[in-house]
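Chains as they are written, first to last, in the numbering used here: chain A, 1 to 323; chain B, 1001 to 1323.
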């Protein structure tokens, strides 16, 4: 992708922390008009940042928790960015919008940047946009980057995989723990939050979570997953959440977590390569090699698996794939 | 993947329409122990089949509609397979299970095969499993293959993309049309179903859908998307749905739809290639070329985009990628 003078100017402003340049850049990402590998040299080294994933079922109080975290982070003098992904669930669209509105009292604070990312129309999927937008935030000097998802589906797990620290927010309601387990949230949690902790059943939920965290696969890491109680209405317990996030950052920075970081970044690199290869395959199948495979592709009695077997032995295809 | 004698036997039984062999094969797919390209020659040509996608919001009555369709298809003497995907939404798990139970009165009919595919633990994602399971059903002689998803998220759209004919099921409730639009269901519908058509607001919903279908992007195809009214309780209108599915099949078989088929199969082939390339990249980054990139991958101050730029110029990597 060609890097125009406009893009250069935009990135210059972005690096100075200009939030309108950040907003514009994210729009360009969504439109597929900004390609981060092409502008990596312009972006330069990004500042040190902490990326926090916040997930859990709808209604668990993720947004009010984030609201409190923003307050604590701002009180600590840090810039905060929030990327909220509509879980492509159209049927919860209303609630999500409500959450966004609830966060609006940070609207006038230009060191807080809140953005909802839609998945429809996004080039390359919502987790790619989230990854690239978070990198732009880092470049713009945001110290804390919060990624909010509803805890359902592979896309949401992919987004949580971008975070350094994953908060799973639950409320003391029957079935919630079971459902979170099914969604794979137990494995990815670095911190559990039991919100609305004044409700009946909070203690039982903490007991259940304690049991589960103690019986997680051993050897994953040496971080003991804390279970914190909060109340989104008055902020009780939310300062402790912020402190625990900081402790987890220190933990991650320690030497023995190098393997974890390596794995995470290897996974990220693989994604980048796959995105590129995907574009090339598309191009080969619709342009350069289209004629060669058209007859078989047009004949539904030929299985795709057999065409696949042929094309993977086609030196012309495999040679061009990697060029 | 090595093809063992057991797999050969299983496929022989599958080709004879043995439903327990089908069930076992799908389990092997889910476990990642059966690779369709490797056994394509054994599977041979599959029978002609019609794949029907059924999607829509929770509670729209998808499962009771499918129930009626199964009845009509069985009365026509055809074998029917249903693949229902838990939308990886743990928070609707209960409702989905209920739907499965409602379909159980086909349990004793061995020419009806119903299977719920879970996304957790599935190797390569739920849309891949669905695609391969549908191919196995075709091989086993199933004439109609019904794919059911809740209409949310990219994964569900991917699954609907596997279908020849997509039914979008809605109920006359305020907001449903708007939400379905946001989810991208309008673009993929070949047939709209307004279920619970005795409810207030059914007429208005039909009017709204008529307006929307008439203003869809022109040139997509020449099929006029019908809007059918049904009642899942007594089956009113469901025979017409079955007939319309058959009309759509005839339409798809006509010459001018060749381009549509070509595009669809090209997309499927691309997916197969990407799955394979993904495995290779993983292997190169964790084995053959791990040492070369370890230092940069371990250093969080080096951006992934810059490593990506380097590796795509590394002849050793690109050469091995395609081998």
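The beta-carbon is built from N, C-alpha and C at its ideal position, and this holds for glycine as well.
- For residue 1277 (chain B), the chain A residues whose Cβ falls inside 9 Å of its Cβ are 273, 274, 277, 278, 281 and 321, in order along the chain.
- Within the same chain, Cβ atoms closer than 7 Å to the Cβ of residue 129 (chain A) are found at 29, 30, 117 and 122, the five residues on either side in sequence being excluded.
- Proximity of chain B to residue 286 (chain A) at the Cβ level (cut-off 8 Å) is accounted for by 1266, in chain order.
- A Cβ of chain A is located within less than 8 Å of the beta carbon of residue 1297 (chain B).
- Residue 69 (chain A) places its beta carbon less than 8 Å from that of residue 238 (chain A).
- Rounded to whole angstroms, the gap between the alpha carbons of residue 110 (chain A) and residue 135 (chain A) is 19 Å.
- Boundaries of the beta strand (DSSP E) around residue 1085 (chain B): 1080-1085.
- Taking 8 Å as the cut-off between beta carbons, the residues of the stretch 133-165 of chain A near chain B are 135, 151, 152, 153, 154 and 155, in sequence order.
- Using beta-carbon distances, residue 1079 (chain B) does not count as an interface residue toward chain A, since no partner is under 8 Å.
- For residue 1213 (chain B), the CB contacts under 6 Å within the same chain, skipping 5 residues up- and downstream, are 1225 in chain order.
- Judged by beta-carbon spacing, residue 1140 (chain B) lies within the 8 Å limit of residue 1015 (chain B), meaning their Cβ atoms are closer than that value.
- DSSP, read as helix, strand or coil, puts residue 116 (chain A) in strand.
- Around the beta carbon of residue 287 (chain A), fewer than 16 other beta carbons lie within 10 angstroms, which makes this residue exposed.
- Using a CB distance below 9 Å, no part of the stretch 1195-1210 of chain B faces chain A.
- The Cβ atoms of residue 191 (chain A) and residue 206 (chain A) do not sit closer than 8 Å to each other.
- The beta carbon of residue 318 (chain A) falls within 8 Å of a beta carbon belonging to chain B, placing the residue at that interface.
- Distance between residue 1241 (chain B) and residue 1056 (chain B), taken at the CA atoms: about 15 Å.
- Contact annotation: residue 84 (chain A) and residue 170 (chain A) have beta-carbon atoms that are not nearer than 8 Å.
- Shown here, residue 177 (chain A) sits in a helix according to DSSP, grouped into three states.
- Residue pairing by DSSP places residue 228 (chain A) opposite A:193 in a beta bridge.
- Minimum Cα-Cα distance from residue 195 (chain A) among the listed residues A:290, A:177, A:282 and A:158 corresponds to A:177.
- Contact with chain B is absent for residue 186 (chain A), since none of that chain's Cβ atoms lies less than 8 Å from the residue's Cβ.
- Chain B has a Cβ within less than 8 Å of the Cβ of residue 269 (chain A).
- For residue 1165 (chain B), the enclosing beta strand (DSSP E) covers residues 1165-1170.
- The alpha helix (DSSP H) runs of length 4 or more contained entirely in the stretch 1253-1288 of chain B are, from start to end of the chain, 1258-1283.
- In the three-state DSSP reduction, residue 142 (chain A) falls in the coil class, being neither helix nor strand.
- With respect to residue 1050 (chain B), residue 1164 (chain B) sits close: the two C-beta atoms are nearer than 8 Å.
- Contacts with chain A (Cβ-Cβ distance below 9 Å) from the stretch 1306-1317 of chain B involve 1306, 1307, 1308, 1309, 1311, 1312, 1315 and 1317, listed in chain order.
- DSSP links residue 53 (chain A) through a beta bridge to A:147 and A:166.
- Residue 1210 (chain B): member of the alpha helix (DSSP H) spanning 1202-1214, first to last residue.
- Proximity to residue 4 (chain A) across A:33, A:267 and A:18 peaks at A:33, based on C-alpha coordinates.
- Taking 8 Å as the upper bound on Cβ-Cβ separation, chain A lies near no residue of the stretch 1226-1251 of chain B.
- Going by beta carbons, residue 115 (chain A) and residue 46 (chain A) fall outside the 8 Å limit.
- Linking residue 158 (chain A) to residue 53 (chain A) through their CA atoms gives a straight-line distance of about 11 Å.
- Listed in chain order, the positions of the stretch 1019-1035 of chain B with a beta carbon within less than 7 Å of a beta carbon of chain A would be empty, since no residue qualifies.
- At a C-beta separation below 8 Å, residue 1294 (chain B) has these neighbours in chain A: 262.
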